[in-house]
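Data block below; observations after.
In the working numbering, the protein residues as written are 1 to 81.
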């Protein structure tokens with residue numbers, strides 16, 4: 001397994017953990033449990049951001065700008081709802 005594949009797996013796992021912590025935060029029944037999940041979520045989001053930045057710096061996670069015309073089209077589509 002090369003470094004890129006390892007980083008992709010770490011990123012996907014971290015995103016999954018963030019999803020679990022988000023649902024734990026939303027569904028928690030007490031303030032203490034809510035706070036525990038919220039803290040874990042924030043730490044996981046920071047980790048996810050660090051992994052993304054390292055991958056992006058190596059060219060392993062590229063993004064592209066959306067065209068303004070497409071943004072406007074989607075915006076108008078949902079504005080009528």
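Built from N, CA and C at the ideal position, the CB exists for glycine as well.
Measuring CA to CA, which of the options is closest to residue i?
| i | options | result |
| --- | --- | --- |
| residue 37 | 53, 25, 55 and 50 | 25 |
| residue 47 | 13, 5, 1 and 4 | 13 |
| residue 52 | 10, 69 and 41 | 10 |
If you measure between the beta carbons of residue i and residue j, is that distance less than 8 Å?
| i | j | result |
| --- | --- | --- |
| residue 7 | residue 73 | no |
Check: Is the region 53–62 close to the region 14–22, with three or more CB pairs under 8 Å?
Finding: No: the two stretches stay apart, fewer than three of their Cβ pairs being nearer than 8 Å.
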